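Quick note: the sequence shown, position 635, residue 635 per our numbering, numbers continuous.
Beta carbons: idealized from backbone N, C-alpha and C, even for Gly.
Small disclaimer: the values here were computed from a predicted structure and weren't measured.
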Amino acid sequence: MKRLGLATLAALFLVACQDGSPPTTPDGSHPNLAVKDGAHMVGTGAGNRCEPGDPCEHVFFLPPLVPTPEEFNGEFNPYLRPTVVVTELPQLSSGSPDDSPTTCVVGDTAALFTGADISVGGDNYNVNFQTGQYALESGRGYRICVQVGLTDLGYRDIQPDDSGADIPRNPDQLPIYQFNNGSNIPIKVRIETGIFCQNDADCGEATLGADGGTFSTNTGYAGLSVPAGGLDDYTNLVVEGVACNYATVYVDGDSVDAVIRHLPIDLPQFPGCYEVYSPDGPVQFAENPGATVGVCYDEAAVSAALGDEQAELLQLHHKRSSDGIVEALTAEQAPFVNCTDFTTSAAEQDAPGWLGTFARAAQQFLLPWIDPPALEATHKGFGGGGMEEGSPVVWALPAQFERVDGTEDGYGIEGEARVPDPVVKVTDQEGNPVKNASVYFAEDPSGNGDVSYAGVTTISVPGLPGTRVLTNASGLAAVDWILGDNPNVLDAEGVGIGIAPNETGTYDPATRVPPRTSARGPFADHYNDEVGVVFLGKGILEFTATACEPAGSGLSADGVIGTGEYPNSRGFSASISGTSGAPSTLYWGHDCESLYIGVQVTSDKDVKINRLRVDFDNDDDDTADEFDDVAIMDVVGLESDGNGILTGILSLSDQFLTARCVSRKQSDCGEDDTSDGGSFELEGAFKQTTVEGQIIWVYELKKPLNSTDPHDIAVGFGTEPLQRSVGAFITLQLGSGAQGNTQVPGFRDYQSLVVIPE
Numbered sequence: 001m002k003r004l005g006l007a008t009l010a011a012l013f014l015v016a017c018q019d020g021s022p023p024t025t026p027d028g029s030h031p032n033l034a035v036k037d038g039a040h041m042v043g044t045g046a047g048n049r050c051e052p053g054d055p056c057e058h059v060f061f062l063p064p065l066v067p068t069p070e071e072f073n074g075e076f077n078p079y080l081r082p083t084v085v086v087t088e089l090p091q092l093s094s095g096s097p098d099d100s101p102t103t104c105v106v107g108d109t110a111a112l113f114t115g116a117d118i119s120v121g122g123d124n125y126n127v128n129f130q131t132g133q134y135a136l137e138s139g140r141g142y143r144i145c146v147q148v149g150l151t152d153l154g155y156r157d158i159q160p161d162d163s164g165a166d167i168p169r170n171p172d173q174l175p176i177y178q179f180n181n182g183s184n185i186p187i188k189v190r191i192e193t194g195i196f197c198q199n200d201a202d203c204g205e206a207t208l209g210a211d212g213g214t215f216s217t218n219t220g221y222a223g224l225s226v227p228a229g230g231l232d233d234y235t236n237l238v239v240e241g242v243a244c245n246y247a248t249v250y251v252d253g254d255s256v257d258a259v260i261r262h263l264p265i266d267l268p269q270f271p272g273c274y275e276v277y278s279p280d281g282p283v284q285f286a287e288n289p290g291a292t293v294g295v296c297y298d299e300a301a302v303s304a305a306l307g308d309e310q311a312e313l314l315q316l317h318h319k320r321s322s323d324g325i326v327e328a329l330t331a332e333q334a335p336f337v338n339c340t341d342f343t344t345s346a347a348e349q350d351a352p353g354w355l356g357t358f359a360r361a362a363q364q365f366l367l368p369w370i371d372p373p374a375l376e377a378t379h380k381g382f383g384g385g386g387m388e389e390g391s392p393v394v395w396a397l398p399a400q401f402e403r404v405d406g407t408e409d410g411y412g413i414e415g416e417a418r419v420p421d422p423v424v425k426v427t428d429q430e431g432n433p434v435k436n437a438s439v440y441f442a443e444d445p446s447g448n449g450d451v452s453y454a455g456v457t458t459i460s461v462p463g464l465p466g467t468r469v470l471t472n473a474s475g476l477a478a479v480d481w482i483l484g485d486n487p488n489v490l491d492a493e494g495v496g497i498g499i500a501p502n503e504t505g506t507y508d509p510a511t512r513v514p515p516r517t518s519a520r521g522p523f524a525d526h527y528n529d530e531v532g533v534v535f536l537g538k539g540i541l542e543f544t545a546t547a548c549e550p551a552g553s554g555l556s557a558d559g560v561i562g563t564g565e566y567p568n569s570r571g572f573s574a575s576i577s578g579t580s581g582a583p584s585t586l587y588w589g590h591d592c593e594s595l596y597i598g599v600q601v602t603s604d605k606d607v608k609i610n611r612l613r614v615d616f617d618n619d620d621d622d623t624a625d626e627f628d629d630v631a632i633m634d635v636v637g638l639e640s641d642g643n644g645i646l647t648g649i650l651s652l653s654d655q656f657l658t659a660r661c662v663s664r665k666q667s668d669c670g671e672d673d674t675s676d677g678g679s680f681e682l683e684g685a686f687k688q689t690t691v692e693g694q695i696i697w698v699y700e701l702k703k704p705l706n707s708t709d710p711h712d713i714a715v716g717f718g719t720e721p722l723q724r725s726v727g728a729f730i731t732l733q734l735g736s737g738a739q740g741n742t743q744v745p746g747f748r749d750y751q752s753l754v755v756i757p758e
């Protein structure tokens, strides 16, 4: 315990009785009232004792209520918001005050002082108790109780008198302080750091409200900064150094004793270990921006184990009290922390054999850099921002990451976002997600495109380049990737984050030896057989995407062939019953998601039967195969819009070739996709117009370029290997009989439709 000696000022404030005897009450008895504070470790009444470890050990009443204490127990704390309440003591049958209560607050409230009623002057809190403004009863006992939040700190019993007698004012006349009723009493109280702390050697306490504030521990090695708006109401807060928890871990089958496991995650953790809490119950900070906790760490020990560069990658982690989720707090500067002469937390220094166990763990569990650079004496104060709840805090390195299933390869339209978003997940070895881990999405030098950070949480880490994305509570980090010309390659870099053992990626070992993937732990990819240690490098996961440029303008299956809508076309002659050939055109194009096929026929003869069938050679090898895709449009009726345009009432069929279709020459053959586990994915439109006596029929079909239906075509981008063309022939049935059938280029004679140009 730190003791601060003070010169005795007992000569002041003394107005003694002539005979020096204890004061008496009007009935001649001696009141046996108490004072309970850090200077009176043995009070006069039963229970009226300030025992070691009690909060009253760090509260001291000052003259005139008591003599000047000979010594104090700690540092004065000006960052609290105490309350002073004056309540009535019960009375004995004799009329004297009853000194038996041992609680701080006893009977009815006679006076209450809060907020602006209490000022800070020098090394104490001051209240100007103008007793004339309160209905105090002469001869009755009152108790002055000092509280901070829900915690009672200490009390002093007083007694007013208005008899006009010469009231003794000598504070040595314990245990009572008598005064002339109506006079002003300066209540002066010294409150030190330690009223809530279990570890007085490294602790800080403050009462902060909606205006926020900053405070540090008495060593300066840790502290807390709460922004304005971070708290809804006044809250008592404590930052306290604690002894780190240790556990036995196994690295490649070998046990390593005394590895710090202060938080329940399998990450390399380092002191200092601290607790941030409120003695009054759970504390919640506003989500945005949250509070910032600052903690020093032992740079010499950590750098010797990791190397200076790796030591800079440490992040403060904490476990949320509400749901147990472990978060990596965002890297922040903490100018309110003073790490001068810091070695490790004061609490940790008391842990038996800490330095030896840490060094042993460093040699076996972490990379011992052979030639560490020259170290500064201390580390600058770093903090972790975004803290939303009070919790245990420790330094740790992030864990491992991997691509989220389904996001490995992507596609998209050039100049638009990739589909799907690149997503990685950061977890510890046990699979628990790590929130607020930093992942840097960087355009690979061999690729194109641009990363957009809109809608994601990003930070800039001091001393590290680039903008980093923070993982959410599920451990996920994602960005929008705006694609450019092919190729498009994007790297997700985890500085100090290992690659999960089941993930394929690369890493930057900073000229160190190559890794293997059979080791246990979150940095399995950084384990080397020869050295037998874990190396904390930079994991890199690579994402690729194919950009597509639409072939067409305003493509739509609406029954209208617009100017410039289709970039590809081929003319042919269609047969119509009872007529010579009708001039016709086959069109095709795509919008990077769907293939559009259009057919336009011009004739001077109307027919009542209109049908379009498109047979696809899915793999474009000029050979029909079982399960090849078929799209059919039957016009079963017409509706007029009143302006000379007739819209077809359609029957659409999404089919595939069966084995029978392949072996026999049947043009009208196939089964619906849904009959074999597939799905219906076909859209179409038909319109008939008459222009200068000529009838114009327009058919348009729309199919996905690359659907999930195994019977459908798979063309375009985003698939490996990329297929950019598909074979097709069309069958038109215009009128009845064979004379109304047309096949282009011919039956099972496929034309290759180049959908995605090279």
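Task: Endpoints, the beta strand (DSSP E) within which R190 is located - done: If you number the sequence shown from 1, residue 190 lands on position 190. First-last of the beta strand (DSSP E) with R190: 184-191.
Task: Through-space distance from P282 to A551, alpha-carbon basis - done: For the purposes of this step, residue 551 is taken as the residue at position 551 of the sequence shown. For the purposes of this step, residue 282 is taken as the residue at position 282 of the sequence shown. Whole-angstrom Cα-Cα distance: 60 Å.
TODO: For my contact list, N486 and T546 are in at a C-beta cut-off of 8 Å; report their separation, rounded to the angstrom.
DONE: Reading the sequence shown from its first residue, position 486 is the one you call residue 486. Reading the sequence shown from its first residue, position 546 is the one you call residue 546. Their Cβ separation, rounded to whole angstroms, is 6 Å, which keeps N486 and T546 in contact under 8 Å.
TODO: Quick one: grab the DSSP three-state call for T544.
DONE: Here residue 544 refers to the residue found at position 544 when the sequence shown is read from its first residue. T544: strand per DSSP, three-state reduction.
Open item on the list: Tell me the rounded alpha-carbon separation between K319 and E287.
Closed with: Against the sequence shown, residue 319 aligns to sequence position 319. Against the sequence shown, residue 287 aligns to sequence position 287. Distance between the alpha carbons of K319 and E287: 15 Å.
Open item on the list: Just to confirm my understanding: we take N448, look at its own chain, exclude 5 residues before and 5 after, and list those with CB closer than 6 Å. What are they?
Closed with: In the sequence shown, residue 448 corresponds to position 448, counting from 1. Excluding positions up to five away in sequence, the list reads G484, D485, N488.
Task: Cβ shell of T458 (< 8 Å), same chain only, five flanking positions each side left out - done: Within the sequence shown, numbered from 1, the residue matching residue 458 stands at position 458. Taken in chain order, the residues that qualify are T467, R468, V469, L470.
TODO: Could you tell me the distance, in whole angstroms, from the CA atom of V456 to the CA atom of H317?
DONE: Position 456 of the sequence shown, counted from the start, is the residue given in the question as residue 456. Position 317 of the sequence shown, counted from the start, is the residue given in the question as residue 317. Between V456 and H317, the C-alpha separation is close to 20 Å.
Open item on the list: Less than 7 Å between the C-beta atoms of L62 and N124, yes or no?
Closed with: In the sequence shown, the residue the question calls residue 62 occupies position 62. In the sequence shown, the residue the question calls residue 124 occupies position 124. A contact, by the Cβ cut-off of 7 Å.
Task: Cut-off 6 Å between Cβ atoms - residues of its own chain near T83, not counting five sequence neighbours on either side - done: The sequence position of residue 83 within the sequence shown is 83, counting from 1. The answer, listed in chain order, is T114, Q147.
Task: Nearest to L150 (by Cα), restricted to the options C273, I195, P583, I576 - done: For the purposes of this step, residue 150 is taken as the residue at position 150 of the sequence shown. Ranking C273, I195, P583, I576 by Cα distance to L150 puts I195 first.
- [ ] Hey, could you find the ends of the beta strand (DSSP E) S446 is sitting in?
- [x] In the sequence shown, counting from the first residue as 1, residue 446 sits at position 446. Unbroken run through S446: none, as it is neither H nor E.
TODO: Indicate whether F729 and D654 have their beta-carbon atoms separated by less than 7 Å.
DONE: Locating residue 729 in the sequence shown gives position 729, counting from the first residue. Locating residue 654 in the sequence shown gives position 654, counting from the first residue. No, they are not a contact pair.
Task: Close-in-space but distant-in-sequence residues of the same chain around V635 (CB under 6 Å, 5 per side omitted) - done: As a position in the sequence shown, residue 635 is number 635, starting the count at 1. Around V635: N610, G648, F686.
Open item on the list: For G782, which residues in the same chain have their Cβ closer than 6 Å to its Cβ, ignoring the five residues on either side in sequence?
Closed with: Outside the modelled stretch of the chain, which goes from 1 to 758, sits residue 782, for which no answer is possible.
Open item on the list: One question on the structure: do S278 and L329 come within less than 7 Å of each other, judged by their Cβ atoms?
Closed with: Against the sequence shown, residue 278 aligns to sequence position 278. Against the sequence shown, residue 329 aligns to sequence position 329. For S278 and L329, no; Cβs fall outside 7 Å.
Open item on the list: Taking the straight line between their C-alpha atoms, what separation do you get for V744 and G642?
Closed with: Position 744 of the sequence shown, counted from the first residue, corresponds to residue 744. Position 642 of the sequence shown, counted from the first residue, corresponds to residue 642. Their Cα atoms are separated by approximately 34 Å.
Task: Residues that S653 bridges to, as DSSP identifies them - done: In the sequence shown, residue 653 corresponds to position 653, counting from 1. Bridge partners of S653: I632.
TODO: Please determine, among V105, R81, D162, I185, the residue with the shortest C-alpha to C-alpha distance to V66.
DONE: On the sequence shown, position 66 is the one that residue 66 refers to. Among V105, R81, D162, I185, the Cα nearest to that of V66 belongs to I185.
- [ ] Could you give the DSSP three-state label for T102: helix, strand or coil?
- [x] Within the sequence shown, numbered from 1, the residue matching residue 102 stands at position 102. DSSP places T102 in coil when its eight states are reduced to three.
Open item on the list: For I53 and D444, I'd like the C-alpha separation in whole angstroms.
Closed with: In the sequence shown, the residue the question calls residue 53 occupies position 53. In the sequence shown, the residue the question calls residue 444 occupies position 444. The residue asked about is misnamed: residue 53 is Gly in this sequence, not Ile. Straight-line Cα distance between these residues: approximately 60 Å.
Open item on the list: Only counting the same chain, and skipping five residues up and downstream in sequence, which positions put a Cβ closer than 7 Å to that of G220?
Closed with: Here residue 220 is taken as the residue at index 220 of the sequence shown, counted from 1. Cβ within range, chain order: V337, N338.
Open item on the list: I need the straight-line Cα distance from N741 to C592, nearest angstrom please.
Closed with: As a position in the sequence shown, residue 741 is number 741, starting the count at 1. As a position in the sequence shown, residue 592 is number 592, starting the count at 1. Looking at the two C-alpha atoms, the distance is approximately 32 Å.
- [ ] With DSSP collapsed to three states, give me the class of E299.
- [x] Position 299 of the sequence shown, counted from the first residue, corresponds to residue 299. E299: helix per DSSP, three-state reduction.
Open item on the list: Which same chain residues end up closer than 8 Å to D161 when comparing Cβ atoms and leaving out the 5 residues on each side of it in sequence?
Closed with: The sequence position of residue 161 within the sequence shown is 161, counting from 1. Only S138, G139, I167, Q178, F179, N180, N181 meet the Cβ criterion.
TODO: Quick one: grab the DSSP three-state call for V394.
DONE: As a working mapping, residue 394 is identified with position 394 in the sequence shown. Looking at V394 - three-state DSSP - the assignment turns out to be strand.
- [ ] Mind the definition here: the region 652-666 touches the region 554-568 only if three or more C-beta pairs lie below 8 Å; say whether that holds.
- [x] no
Open item on the list: Once DSSP output is grouped into helix, strand and coil, what is the label at S675?
Closed with: What you label residue 675 is simply residue 675 of the sequence shown in a count that begins at 1. It is helical.
TODO: Quick one: measure Cβ to Cβ for L705 and A557, integer angstroms, because I've assumed they're closer than 8 Å.
DONE: As a working note, residue 705 is residue 705 in the sequence shown. As a working note, residue 557 is residue 557 in the sequence shown. Not quite, the Cβ-Cβ distance comes to about 14 Å (not below 8 Å), so this is no contact.
Task: Distance, N618 Cα to E605 Cα - done: The count along the sequence shown starts at 1 and reaches residue 605 at position 605. The count along the sequence shown starts at 1 and reaches residue 618 at position 618. The residue you asked about is not Glu; residue 605 is Lys in the sequence shown. Rounded to the nearest angstrom, the two C-alpha atoms are 35 Å apart.
Task: 8 Å Cβ shell around G209 - same chain, five flanking residues per side excluded - done: The sequence position of residue 209 within the sequence shown is 209, counting from 1. Closer than 8 Å at Cβ, skipping near neighbours: R81, L231, D233, Y234, T235.
TODO: Measuring alpha carbon to alpha carbon, tell me which of L612, H711, C273, E414 ends up nearest F680.
DONE: Translated into the one-based positions of the sequence shown, residue 680 becomes position 680. Residue H711 is the option with its Cα nearest to F680.
Task: Bridge partner(s) assigned by DSSP for E205 - done: Position 205 of the sequence shown, counted from the start, is the residue given in the question as residue 205. For E205, which the question treats as bridged, DSSP gives the partners V238.
Task: Sheet register partners of Y246 (DSSP bridge) - done: Start at 1 with the first residue of the sequence shown, and residue 246 comes out as number 246. Beta-bridge pairing links Y246 to I260.
Open item on the list: Please classify T340 as buried or exposed, where buried requires at least 16 other C-beta atoms within 10 Å of its C-beta.
Closed with: Taking the first residue of the sequence shown as 1, we reach residue 340 at position 340. So T340 counts as exposed.
- [ ] Taking V434 as part of the alpha helix (DSSP H), name the residues at either end of that continuous run.
- [x] The residue labelled residue 434 in the question sits at position 434 within the sequence shown. Taken as a continuous stretch (DSSP letters only), V434 belongs to no alpha helix (DSSP H), as it is neither H nor E.
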